[in-house]
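Chemist: Here's a structure for you.
Structure representation (structure tokens):
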């Protein structure tokens, strides 16, 4: 149901993905190819509030082998520190530096990639406090309070998931973009993941602005490559030695393919089915029933 | 900037509209052809809060000649009674029965045209109190309060302009349509008219739902013909003896042409230019510099 601004003109997959569950030699060969693993979280490491068995052991095994682990999430409501607390609460050892959220992605994009003139450096945010916390360290934030007059220094409008979206915020954002502000979105998922798709996502916050303006925002979340560029900017890894791990062909796996990573690993504990991985237009290079199937090679346990 | 769900496949106009300003014989001939005049309001009778000179005299002349006058507005925040107060405040003599708003159009459509089963008759409204007042006389309204659980009797979701739009209302509306409720909009204008297009319109309230659902609502406002059907249902006029008067080719004039009315009259006191009326794809049959130019035939003054 999620809308994607990523080009659908990318060539469709034609290869047959390799099924690695139970194949110790194949898994060993696979692991040896990569130094960095980028993880989608919900549907791969856990589902909702339920941690999958073996998640921690798998992450520990990868770290023990010297792999860099990065948690990549389109969640825009939390700062990296908040998201780290969520991982800790779920029982996953992690640190803030391993987390790459769409709010952080947006912060990096604005401060390091956009060239804003000195008098246009403020960011008007539609979103929760996590975005503002992440941005505040490197950027000026313009207030969205009803008490604020239009701020002439706003050069960016950034739209994420906002449980307090209102008419006034939409009118201000529209005004700023019409006056020349850059139109950004943390991500463009129309609904929240794993909510039974009951709740509007960040993309739905942008929808009124897209209709009024007649143009799309630049998205800083998966599957858009602006996020991959920001990840590479931070971790400075060799893309050919990196693997994207995810449960959704059309977002996670696409993100890895279009980012020209060396590997893509699909798992069947989330949204996409085996048929989608094996016969779809966007296929991972390898796939597993579940992430913990990697543990078959863990000789140190 | 407004988005229209009306088919753009309607054949483009090729005739040369007749210019009637100063042409007493032409105006007399024009007036004799019609019993009913449907008026767009802003840009025709007034602009913002400024009544055009001669508006009242023109309306009085038409009434004196026995013409039915109908004020047709996409305004969805006001009930007809409220809108009548607005006309009175502007100094225009009128009565509630002459007013046809998109909120009233929606009310008629729901109660008389939709066939809802007895246990699905409630309407969930995103909009201001004017819509609810208009609906309440003929329909049950479901509450949008945060205290309300999902109401199994909701069979319709109606979206209009709502200055109190919020996340919870959008989530409820999405849920109801996913469960089978009919998806309606009072109108689909993306921005408000005559606000310097600074403010989001009713269409922008529907935009998140359109993105989430992947489908458009049925619109009960101009230029959609569901509104013309509702007007005809109420006034029971001969379409060949009716004329639509408006300032916007693409909404007002299109509304009259696609409704197969006998006449369309464009005025140059609003959005569309002379060039648009004379050379555009959607052209009125006749046009005037201003509505009050009709007074040239008023022998009784």
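Chains as they are written, first to last, in UniProt numbering: chain A, 1 to 301; chain B, 1 to 301. Note that CB positions come from ideal geometry on N, CA and C, so glycine has one too.
1) Determine the DSSP secondary structure at residue 379 of chain A, reduced to helix, strand or coil.
2) Below 6 angstroms CB to CB, which residues in the same chain sit around residue 183 of chain A once its five sequence neighbours on both sides are set aside?
3) My understanding is that residue 247 of chain A touches residue 44 of chain A, with C-beta atoms under 8 angstroms, so please give their C-beta distance in whole angstroms.
4) Could you tell me how far apart the beta carbons of residue 13 of chain B and residue 252 of chain B are, in whole angstroms, since I believe they sit closer than 8 angstroms?
5) Using the beta-carbon of each residue, which ones in chain B are nearer than 7 angstroms to residue 165 of chain A?
6) So is residue 124 of chain A in contact with chain B if we call contact Cβ pairs under 8 angstroms?
7) Answer yes or no: does any C-beta atom of chain B fall closer than 8 angstroms to that of residue 103 of chain A?
8) Grab the span of the alpha helix (DSSP H) containing residue 13 of chain A for me, first residue to last.
9) Please state if the CB of residue 11 of chain A and the CB of residue 278 of chain A are separated by a distance shorter than 8 angstroms.
10) Using 10 angstroms around the beta-carbon of residue 254 of chain A, count the other beta-carbons present and answer buried if the total reaches 16, otherwise exposed.
11) Tell me which residues of the stretch 170-184 of chain B have at least one Cβ-Cβ distance to chain A shorter than 7 angstroms, keeping chain order.
12) What does the Cβ neighbour count give for residue 287 of chain B, buried or exposed, with the cut at 16 atoms within 10 Å?
13) Give me the residue from B:270, B:260, B:60 with the minimum Cα distance to residue 225 of chain B.
14) Measure from the C-beta of residue 199 of chain B to each C-beta in chain A and report whether the shortest distance is under 8 angstroms.
15) Could you name the residues of the same chain whose beta carbon sits closer than 7 angstroms to that of residue 80 of chain B, not counting the 5 residues immediately before and after it, in chain order?
16) Look up residue 193 of chain A in the DSSP assignment and say whether it is helix, strand or coil.
17) Since residue 128 of chain B and residue 163 of chain B are thought to touch, with beta carbons under 8 angstroms apart, how far apart are those beta carbons, to the nearest angstrom?
18) What is the residue span of the beta strand (DSSP E) that residue 122 of chain A lies within?
19) Report yes or no: is there a C-beta of chain A within less than 8 angstroms of the C-beta of residue 211 of chain B?
20) Does residue 292 of chain B come within less than 8 angstroms of chain A when only Cβ atoms are used?
21) Taking a Cβ distance cut-off of 9 angstroms, strictly less, list which residues of the stretch 201-230 of chain A are near chain B, in chain order.
22) Per DSSP, which residues does residue 101 of chain B bridge with? Please list them.
23) Is any beta-carbon of chain B found at less than 8 angstroms from that of residue 137 of chain A?
24) Can you list, in chain order, the residues of its chain whose CB lies under 7 angstroms from that of residue 264 of chain B, leaving out five sequence neighbours each side?
25) Could I get the ranges of all uninterrupted alpha helix (DSSP H) runs contained in the stretch 223-277 of chain A, with 4 residues as the minimum, in chain order?
26) Report the rounded CA-to-CA distance for residue 166 of chain A versus residue 200 of chain B, giving the unit in angstroms.
27) Run through chain B and tell me which residues come within less than 7 angstroms of residue 111 of chain A, C-beta to C-beta.
28) Under 8 angstroms by Cβ, that's how I've got residue 77 of chain A and residue 161 of chain A pegged, so tell me the actual separation to the nearest angstrom.
29) Taking 7 angstroms as the limit between beta carbons, can you name the residues of its chain near residue 297 of chain A, skipping five residues before and five after?
30) In angstroms, rounded to a whole number, what distance separates the CA positions of residue 150 of chain A and residue 209 of chain A?
31) How big is the Cα-Cα spacing for residue 142 of chain B and residue 72 of chain B?
32) So which residues on chain B does residue 190 of chain A lean against when the C-beta distance must stay under 7 angstroms?
33) Going by the CB atoms, is the gap between residue 295 of chain A and residue 57 of chain A shorter than 8 angstroms?
34) Alpha carbons only, please: which of B:239, B:170, B:202 is nearest the one belonging to residue 185 of chain B?
35) How close, in whole Å, do the beta carbons of residue 140 of chain A and residue 112 of chain A come, if the pair is a contact with beta carbons under 8 angstroms?
36) Who are the near neighbours of residue 293 of chain B in its chain, counting only those whose CB is closer than 6 angstroms to its CB and skipping five residues on each side?
Modeler: Taking the geometry as given:
1) Lying outside 1 to 301, the shown extent of chain A, residue 379 of chain A is not represented and no answer is given.
2) Counting from 1 along the first chain, the entry for residue 183 of chain A is found at position 183. For residue 183 of chain A, where only same-chain residues beyond five positions count, the Cβ hits under 6 angstroms are 157, 177, 217.
3) Looking up residue 247 of chain A in the first chain gives position 247. Looking up residue 44 of chain A in the first chain gives position 44. With 8 angstroms as the limit, residue 247 of chain A and residue 44 of chain A qualify as a contact, their Cβ atoms being about 5 angstroms apart.
4) Reading the second chain from its first residue, position 13 is the one you call residue 13 of chain B. Reading the second chain from its first residue, position 252 is the one you call residue 252 of chain B. Here residue 13 of chain B is actually not in contact with residue 252 of chain B; their C-beta atoms are around 14 angstroms apart, not less than 8 angstroms.
5) Within the first chain, residue 165 of chain A is the residue found at index 165, counting from 1. Against residue 165 of chain A, the close residues of chain B are 166, 167, in the order they occur along the chain (beta-carbon pairs closer than 7 angstroms).
6) The sequence position of residue 124 of chain A within the first chain is 124, counting from 1. It does not; no Cβ of chain B falls within 8 angstroms.
7) Within the first chain, numbered from 1, the residue matching residue 103 of chain A stands at position 103. Residue 103 of chain A is outside the set of residues whose beta carbon lies under 8 angstroms from a beta carbon in chain B.
8) As a working mapping, residue 13 of chain A is identified with position 13 in the first chain. From DSSP, residue 13 of chain A is part of no alpha helix (DSSP H); its letter is neither H nor E.
9) On the first chain, residue 278 of chain A is found 278 positions in, with the first residue counted as 1. On the first chain, residue 11 of chain A is found 11 positions in, with the first residue counted as 1. No, the Cβ-Cβ distance between residue 278 of chain A and residue 11 of chain A is not below 8 angstroms.
10) Translated into positions along the first chain, residue 254 of chain A becomes position 254. It is buried - the Cβ of residue 254 of chain A has at least 16 other Cβ atoms within 10 Å.
11) Sequence-ordered contacts of the stretch 170-184 of chain B with chain A read 170, 171, 174, 175 [C-beta pairs closer than 7 angstroms].
12) As a first step, residue 287 of chain B must be located in the second chain, where it is residue number 287. Buried is the call here.
13) Counted from its first residue, the second chain places residue 225 of chain B at position 225. Per the C-alpha coordinates, the member of B:270, B:260, B:60 positioned closest to residue 225 of chain B is B:260.
14) Mapped onto the second chain, residue 199 of chain B falls at position 199. So yes, residue 199 of chain B belongs to the interface.
15) Your numbering for residue 80 of chain B matches position 80 in the second chain. Around residue 80 of chain B: 96, 99, 101, 104, 134.
16) Translated into positions along the first chain, residue 193 of chain A becomes position 193. In the structure shown, residue 193 of chain A sits in coil (DSSP, three-state: anything other than H, G, I, E or B).
17) Taking the first residue of the second chain as position 1, residue 128 of chain B is located at position 128. Taking the first residue of the second chain as position 1, residue 163 of chain B is located at position 163. Going by Cβ atoms, the distance from residue 128 of chain B to residue 163 of chain B rounds to 7 angstroms, so yes, they are a contact pair.
18) Here residue 122 of chain A corresponds to residue number 122 of the first chain, with the count starting at 1. Its beta strand (DSSP E) spans residues 122-126.
19) By 1-based counting over the second chain, the position of residue 211 of chain B is 211. So, interface residue.
20) Here residue 292 of chain B refers to the residue found at position 292 of the second chain. No, because no Cβ of chain A sits closer than 8 angstroms to the Cβ of residue 292 of chain B.
21) The stretch 201-230 of chain A vs chain B, Cβ under 9 angstroms: 201, 203, 204, 205, 206, 207, 208, 209, 210, 211, 212, 213, 214.
22) Within the second chain, the letter at position 101 stands for residue 101 of chain B. Looking at the DSSP assignment, residue 101 of chain B forms a beta bridge with B:73.
23) Looking up residue 137 of chain A in the first chain gives position 137. It does not: the Cβ of residue 137 of chain A has no partner Cβ on chain B nearer than 8 angstroms.
24) By one-based count along the second chain, residue 264 of chain B stands at place 264. So the list reads 243, 244, 253, 256, 257, 284, 285, once near-sequence residues are dropped.
25) Restricting attention to alpha helix (DSSP H) runs no shorter than 4 residues, the stretch 223-277 of chain A encloses them at 225-235, 254-258, ordered along the chain.
26) Position 166 of the first chain, counted from the first residue, corresponds to residue 166 of chain A. Position 200 of the second chain, counted from the first residue, corresponds to residue 200 of chain B. Rounded to whole angstroms, residue 166 of chain A to residue 200 of chain B spans 11 angstroms at the Cα level.
27) For this step, residue 111 of chain A is matched to residue 111 along the first chain. Residues of chain B whose Cβ lies closer than 7 angstroms to the Cβ of residue 111 of chain A do not exist; the shortest such Cβ separation is about 28 angstroms.
28) Counted from its first residue, the first chain places residue 77 of chain A at position 77. Counted from its first residue, the first chain places residue 161 of chain A at position 161. With 8 angstroms as the limit, residue 77 of chain A and residue 161 of chain A qualify as a contact, their Cβ atoms being about 5 angstroms apart.
29) On the first chain, residue 297 of chain A is found 297 positions in, with the first residue counted as 1. Correct list, in chain order: 24, 27, 28, 31.
30) The residue labelled residue 150 of chain A in the question sits at position 150 within the first chain. The residue labelled residue 209 of chain A in the question sits at position 209 within the first chain. So the alpha carbons of these two residues sit roughly 17 angstroms apart.
31) On the second chain, position 142 is the one that residue 142 of chain B refers to. On the second chain, position 72 is the one that residue 72 of chain B refers to. It is roughly 27 angstroms from the alpha-carbon of residue 142 of chain B to the alpha-carbon of residue 72 of chain B.
32) As a first step, residue 190 of chain A is located in the first chain; it is residue number 190 there, counting from the start. In chain order: 211, 212.
33) Locating residue 57 of chain A in the first chain gives position 57, counting from the first residue. Locating residue 295 of chain A in the first chain gives position 295, counting from the first residue. With respect to the 8 angstroms criterion, residue 57 of chain A and residue 295 of chain A are classified as neighbours on the basis of their beta carbons.
34) As a position in the second chain, residue 185 of chain B is number 185, starting the count at 1. Of the listed residues, the one whose Cα sits closest to residue 185 of chain B is B:202.
35) Position 140 of the first chain, counting from 1, holds the residue named residue 140 of chain A. Position 112 of the first chain, counting from 1, holds the residue named residue 112 of chain A. Contact check for residue 140 of chain A and residue 112 of chain A: beta-carbon distance about 15 angstroms, past the 8 angstroms limit, so the pair fails to qualify.
36) For the purposes of this step, residue 293 of chain B is taken as residue 293 along the second chain, with counting starting at 1. The answer, listed in chain order, is 21.
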